[in-house]
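> Residue numbers (the UniProt record's numbering), protein chains in the order written: chain W, 1 to 587; chain H, 1 to 227.
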Amino acid sequence: MSEHDAHGEPRSFWTKYVWSQDHKVIAIQYSLTAIAVGLVALVLSNLMRLQLGFPGAFPFIDPARYYQFVTMHGMIMVIYLLTALFLGGFGNYLIPLMVGARDMVFPYLNMLSFWMYLLAVLVLMAGFFVPGGPTGAGWTLYPPQAILPGTPGTEWGIVLMLVSLLIFIVAATMGGLNYVTTVLQARTRGMTLLRLPLTVWGIFVASILALFAFPALFVSGVMMLFDKLLGTSFFMPAIVSMGQPLKHAGGSPVLFQHLFWFFGHPEVYIVALPAFGIISDLISTHARKNIFGYRMMVWAIVAIGGLSFVVWAHHMYVSGMNPYFGYFFATTTLVIAVPTAIKVYNWVLTLWRGDIHLRVPMLFAIGFISTFAIGGLTGLFLGNVSVDIPLSDTYFVVAHFHMVMGVSPVLAIFGGIYHWYPKLTGRLLDERLGKLHFWVTFLGTYAIYMPMHYLGFLGMPRRYYAYEGYEFIPASAQDLNAFITVAALVVGVTQLVFLFNLAWSLRHGRPAGPNPWGATTLEWQTPDTPPRHGNWGETLPEVHRWAYDYSVPGAARDFIPQNVPQSAAPAGDDAPPADRHAGEGHA
Amino acid sequence: MTTIAPPAAGTAASGWRGLVADWSGDRLAFAVPWGKAMMWIFLISDTFIFGCFLTGYMTVRIATTAAWPNPSEVFALTIGGASVPLILIAIMTFILITSSGTMAMAVNCAYRRDRVRCAALMLATALLGASFVGMQAFEWSKLIAEGVRPWSNPMGAAQFGASFFMITGFHGLHVSVGVIYLLTIAARVLGGRYEARGDYTIVEIAGLYWHFVDLVWVFIFALFYLW
Chain W
1 MSEHDAHGEP RSFWTKYVWS QDHKVIAIQY SLTAIAVGLV ALVLSNLMRL
51 QLGFPGAFPF IDPARYYQFV TMHGMIMVIY LLTALFLGGF GNYLIPLMVG
101 ARDMVFPYLN MLSFWMYLLA VLVLMAGFFV PGGPTGAGWT LYPPQAILPG
151 TPGTEWGIVL MLVSLLIFIV AATMGGLNYV TTVLQARTRG MTLLRLPLTV
201 WGIFVASILA LFAFPALFVS GVMMLFDKLL GTSFFMPAIV SMGQPLKHAG
251 GSPVLFQHLF WFFGHPEVYI VALPAFGIIS DLISTHARKN IFGYRMMVWA
301 IVAIGGLSFV VWAHHMYVSG MNPYFGYFFA TTTLVIAVPT AIKVYNWVLT
351 LWRGDIHLRV PMLFAIGFIS TFAIGGLTGL FLGNVSVDIP LSDTYFVVAH
401 FHMVMGVSPV LAIFGGIYHW YPKLTGRLLD ERLGKLHFWV TFLGTYAIYM
451 PMHYLGFLGM PRRYYAYEGY EFIPASAQDL NAFITVAALV VGVTQLVFLF
501 NLAWSLRHGR PAGPNPWGAT TLEWQTPDTP PRHGNWGETL PEVHRWAYDY
551 SVPGAARDFI PQNVPQSAAP AGDDAPPADR HAGEGHA
Chain H
1 MTTIAPPAAG TAASGWRGLV ADWSGDRLAF AVPWGKAMMW IFLISDTFIF
51 GCFLTGYMTV RIATTAAWPN PSEVFALTIG GASVPLILIA IMTFILITSS
101 GTMAMAVNCA YRRDRVRCAA LMLATALLGA SFVGMQAFEW SKLIAEGVRP
151 WSNPMGAAQF GASFFMITGF HGLHVSVGVI YLLTIAARVL GGRYEARGDY
201 TIVEIAGLYW HFVDLVWVFI FALFYLW
């Protein structure tokens with residue numbers, strides 16, 4: 001095993017499951033932590049909905065708590081659940097297996113990454129137990145309000161939030177270096193970049209985005225900590241508070257917004273690109289058809305990743321900016337719709353006349369196309385300055401970003417978990433519970449967010465604790481809010497079915513075998529299921545074809561794994577030309 | 001660290017063809033060891049951090065309403081009765097750039113397997129770096145004695161002190177970490193750890209980091225002290 005040099009196989013319980021350097025164990029550690037903290041955020045969202053649906057019925061949700069719930073829900077979901085689960089969870093598990101490596105290139109760094117992430121989560125959660133509670137500044141943490149009295153949690157909460165983010169960024173950087181280097185430098189023989197499954201492409205480009213975008217959040221976090229703790233004025237203009245001038249003067253609150261969104265917009269794609277990749281592979285596998293336009297899909301991922309760095313100010317149209325800037329950022333924002341639309345068309349064309357198996361992962365994948373297309377279309381509205389300005393502070397925006405970057409990535413995560421759970425455990429998740437979970441979640445999504453678009457058009461402002469006494473909001477809006485809350489509670493409770501399924505199927509699920517879906521990618525071709533330490537036994541696999549040889553005419557089965565030589569089975573008509581020629585040469 | 005096979009003959013094409021070959025090849029996208037690739041990627045990421053720090057500093061400098069202190073006067077030393085502008089900064093810059101030279105020589109010696117000279121040059125680099133940090137500490141204490149604080153300063157805009165301490169502090173932290181890094185590697189070079197393995201890439205990787213820290217200083221010098 002000359003290639004197996006990274007680290008020896010661990011023997012004791014502690015080195016195997018706790019201080020583990022094995023990418024598969026680290027992936028599970030990352031995933032379970034992310035899911036646990038995500039459940040906290042889910043409960044917080046339901047508490048918010050209780051206040052909005054039935055104002056005043058739950059006296060413990062006072063305005064301060066409401067804002068703390070909003071803030072923590074947003075930050076946890078975006079950073080500590082979605083980013084961590086896609087990169088730390090799926091990335092860790094799938095990259096080495098899909099590229100045919102024995103592990104990440106720096107296993108020790110990988111282990112550190114997880115422990116730093118766990119530390120970040122603990123620091124964040126500590127916010128619930130300190131005097132004043134967690135910060136209630138909104139997940140965007142805009143100064144000056146984020147650090148001034150009047151906002152909940154300005155004593156300790158905001159400090160813990162910023163420190164936690166800084167630790168998270170260190171963790172994400174250590175992880176990201178591993179993911180990028182592994183994809184670039186540790187692929188197995190025959191695995192060219194343009195034979196990588198799209199899941200790897202999505203996670204790879206997202207990791208690059210993370211490495212380049214998180215620095216802006218890091219810097220803004222450091223500056224705001226200084227503003228809070230040292231009394232500097234990076235983001236703090238001259239302010240008169242309660243009749244008293246504060247010590248701050250001369251800072252630029254808009255600078256924070258620029259730094260935050262220079263991180264914040266790529267962040268949207270840090271969670272969207274892995275979802276794109278996973279969805280592509282799920283659709284291709286369960287439709288038994290090669291992905292339509294593989295190369296175009298790859299270039300679309302790369303193009304979206306690049307464009308995501310030049311659109312950030314579309315989050316700031318109402319902050320005031322030179323109209324020419326608005327023109328520039330509206331243009332780049334709308335341009336991003338082109339590669340994104342290519343992806344959606346290609347998913348649909350992959351489904352077109354496919355041999356579609358409506359198994360649970362496929363249901364989630366198709367659900368993703370639907371929610372993502374809806375959320376993407378409303379994005380076109382909000383990308384235009386003149387349309388955005390009246391809608392900006394309304395529930396229309398809440399509905400938009402929850403559809404496109406809230407629910408859609410979560411559906412991709414669910415689909416991914418149903419898809420790869422058999423590889424992790426050797427057993428399938430229960431199909432009936434999975435379908436129940438899917439339908440309630442999917443239909444619930446529309447029950448929750450469709451009415452929100454309408455409320456937004458009515459002008460219902462977001463971020464408000466209560467809506468009594470606003471004449472422009474009709475009384476019936478409250479009925480709609482109650483309906484949304486009931487739907488949100490139902491969806492929230494249904495996630496327990498998913499958790500039960502995860503736990504129950506571990507012991508009682510149907511045995512899956514090594515490749516239950518008949519998939520072509522390398523992770524399904526491991527000698528053991530679940531894969532053992534080092535993944536591949538004695539010899540690394542050799543790759544001979546792209547990842548999408550499904551339903552190749554003349555082939556014995558409707559899929560040809562990537563490690564089957566061209567001489568043993570011809571490549572499909574849609575395979576890249578290089579692969580086709582090799583096939584003809586052997587034939 | 002992992003040693004990798006050198007790229008097979010014929011893959012070393014250059015230009016556009018080389019690019020295509022790199023990206024359509026299997027296993028390695030770049031014919032460099034894992035550690036070196038990772039350091040490059042890390043440095044690009046770190047570039048974004050310093051880029052954001054400097055952009056932030058320039059923005060608050062424009063945003064603030066108070067007058068910005070004149071760096072040539074603030075950072076002047078009185079030598080023999082005459083006030084020499086930026087003299088300390090000039091010396092610090094000279095030292096840091098010199099240390100890049102000694103580092104480059106250390107890398108050269110490493111690849112020639114001249115262990116002792118390599119370690120000595122790395123030690124010299126680390127000492128130059130440490131003296132840089134020492135002078136920075138002197139500069140900090142001088143400014144602090146003159147009443148400059150992160151939240152205020154007697155010469156004008158409060159953001160001057162805030163940006164100064166934040167940016168030079170973050171850079172000084174990088175230099176300090178680099179000094180420790182270099183000393184660690186130098187000790188291992190001397191101890192023969194890389195000789196046994198026949199792979200001195202780590203020296204070059206440490207060098208990459210060191211040159212980066214130097215390069216960042218040039219930008220800080222230009223944008224903070226000269227502007």
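Every residue, glycine too, gets a C-beta built ideally from N, C-alpha and C. If you're wondering where the values come from, they're calculated on a predicted model, not measured in any experiment.
Is there a C-beta anywhere in chain W that falls below 8 Å from the one on residue 110 of chain H?
Output row for residue 110 of chain H: interface = no.
> Measure the C-alpha to C-alpha separation of residue 43 of chain W and residue 31 of chain W and round it to an integer number of angstroms.
Approximately 18 Å, taken between the alpha carbons.
> Could you please give me the residues that DSSP links to residue 241 of chain W through a beta bridge?
Paired residues: W:244.
> May I have the straight-line CA-CA distance separating residue 291 of chain W from residue 280 of chain W, to the nearest angstrom?
Approximately 7 Å between the Cα atoms of the pair.
> Take residue 114 of chain W and list the residues in its own chain whose beta-carbon comes closer than 6 Å to its own, dropping the five residues that flank it on each side.
Excluding residues within five positions, the ones whose Cβ falls inside 6 Å are 26, 29, 30.
> The alpha helix (DSSP H) spanning residue 361 of chain W covers which residue range?
From DSSP, the alpha helix (DSSP H) with residue 361 of chain W extends over 360 to 383.
> Going by alpha carbons, who is nearest to residue 224 of chain W out of W:146, W:167, W:263?
Measuring from the Cα of residue 224 of chain W, the nearest candidate turns out to be W:146.
> The beta strand (DSSP E) with residue 76 of chain H in it runs from where to where?
Where residue 76 of chain H is concerned, the enclosing beta strand (DSSP E) stretches over 76 to 79.
> Leaving out five residues before and five after residue 253 of chain W in sequence, what residues of the same chain have Cβ atoms less than 8 Å from its Cβ?
Correct list, in chain order: 142, 143, 144, 235, 236, 237.
> Tell me which same chain residues have a C-beta within less than 6 Å of the C-beta of residue 122 of chain H, skipping the five on either side of it?
Correct list, in chain order: 106, 182, 186.
> Check the Cβ of residue 308 of chain W against every Cβ in chain H and list those closer than 7 Å, keeping chain order.
Chain H residues near residue 308 of chain W: none, gap ~14 Å exceeds 7 Å.
> Strictly below 9 Å CB to CB, what residues from chain W border residue 136 of chain H?
Within chain W, no residue comes near residue 136 of chain H; the closest Cβ sits about 18 Å away, beyond 9 Å.
> What number of angstroms, rounded off, separates the C-alpha of residue 569 of chain W from the C-alpha of residue 555 of chain W?
For residue 569 of chain W and residue 555 of chain W, the distance between alpha carbons rounds to 6 Å.
> For a contact defined as C-beta to C-beta under 8 Å, what are the partners of residue 223 of chain W on chain H?
Those are 56, 166, listed as they occur along chain H.
> Mark residue 229 of chain W as exposed unless 16 or more other C-beta atoms lie within 10 angstroms of its C-beta, in which case mark it buried.
With fewer than 16 other Cβ atoms within 10 Å, it is exposed.
> Looking at chain H, is there any beta carbon in it that lies within less than 8 Å of the beta carbon of residue 191 of chain W?
Chain H, which has a Cβ nearer than 8 Å to the Cβ of residue 191 of chain W, makes this yes.
> Tell me which residue opens and which closes the beta strand (DSSP E) that residue 83 of chain H is part of.
Looking at the DSSP string, the run of the beta strand (DSSP E) that includes residue 83 of chain H is 82 to 85.
> With distance defined between alpha-carbon atoms, name the residue in W:545, W:117, W:550, W:434 nearest to residue 356 of chain W.
The shortest C-alpha separation from residue 356 of chain W is found at W:550.
> Express the C-alpha separation of residue 72 of chain W and residue 381 of chain W in angstroms, rounding to a whole number.
Between residue 381 of chain W and residue 72 of chain W, the C-alpha separation is close to 28 Å.
> Nearest-angstrom Cα distance between residue 492 of chain W and residue 363 of chain W?
Whole-angstrom Cα-Cα distance: 19 Å.
> Any residues in the segment 93 to 106 of chain W with a beta carbon nearer than 8 Å to a beta carbon of chain H? Which ones, in chain order?
Flagged, chain order: 105, 106.
> Excluding sequence positions up to five away, which residues of its chain have a Cβ less than 6 Å from the Cβ of residue 127 of chain W?
Excluding residues within five positions, the ones whose Cβ falls inside 6 Å are 134, 157, 160.
> How would you call residue 242 of chain W, buried or exposed, if buried means at least 16 neighbouring beta carbons within 10 angstroms?
Exposed: under 16 other Cβ atoms inside 10 Å.
> Going by C-alpha distance, which of W:425, W:377, W:51, W:206 is nearest residue 308 of chain W?
Taking only the C-alpha atoms, the option nearest residue 308 of chain W is W:206.
> Is there a C-beta anywhere in chain W that falls below 8 Å from the one on residue 6 of chain H?
In this prediction, residue 6 of chain H scores a pLDDT of 41, lower than 50, which makes its location untrustworthy; the coordinate-derived value is nonetheless stated afterwards. Not one chain W Cβ lies under 8 Å of residue 6 of chain H.
> What are the start and end residues of the alpha helix (DSSP H) that includes residue 171 of chain H?
Note, residue 171 of chain H: alpha helix (DSSP H), 158 to 191.
> Would you kindly check if the distance between the Cβ of residue 219 of chain H and the Cβ of residue 43 of chain H is under 8 Å?
No; because the gap between Cβ atoms is not below 8 Å, this pair is not in contact.
> Judging by CA-CA distance, which residue of W:209, W:168, W:91, W:432 is the nearest neighbour of residue 504 of chain W?
Ranking the options by Cα distance to residue 504 of chain W, first place goes to W:432.
> Does the distance from the CB of residue 423 of chain W to the CB of residue 494 of chain W come in under 8 Å?
Cβ distance not < 8 Å, so residue 423 of chain W and residue 494 of chain W don't count as in contact.
> Using a C-beta cutoff of 8 Å, does residue 441 of chain W count as contacting chain H?
No, no contact with chain H.
> In chain order, what residues of the same chain have a beta carbon less than 6 Å from the beta carbon of residue 559 of chain W, not counting five sequence neighbours either side?
Same-chain partners within the cutoff: 518, 520, 550.
> Short of 8 Å in beta carbon distance, which residues of its chain neighbour residue 180 of chain W, apart from the five on each side in sequence? Order them along the chain.
For residue 180 of chain W, where only same-chain residues beyond five positions count, the Cβ hits under 8 Å are 204, 207, 208, 211.
> List, in chain order, every chain W residue whose beta-carbon is nearer than 8 Å to that of residue 27 of chain H.
Ordered by position in chain W, the residues that pass the 8 Å Cβ test against residue 27 of chain H are 185, 186, 187, 188, 189, 191.
> Our contact map puts residue 395 of chain W next to residue 462 of chain W with C-beta atoms below 8 Å; I'd like the distance itself, whole angstroms only.
So it is a contact: roughly 5 Å between Cβ atoms.
> By alpha-carbon positions, which one of W:411, W:447, W:446 ends up nearest to residue 434 of chain W?
Cα-wise, what sits closest to residue 434 of chain W is W:411.
> Given a limit of 9 Å on CB to CB distance, which residues of the segment 226 to 253 of chain W reach chain H?
The residues in question are 226, 227, 230, 231, 232, 233, 234, 235, 237, 238, 247, 248, 249, 250, 251, 252.
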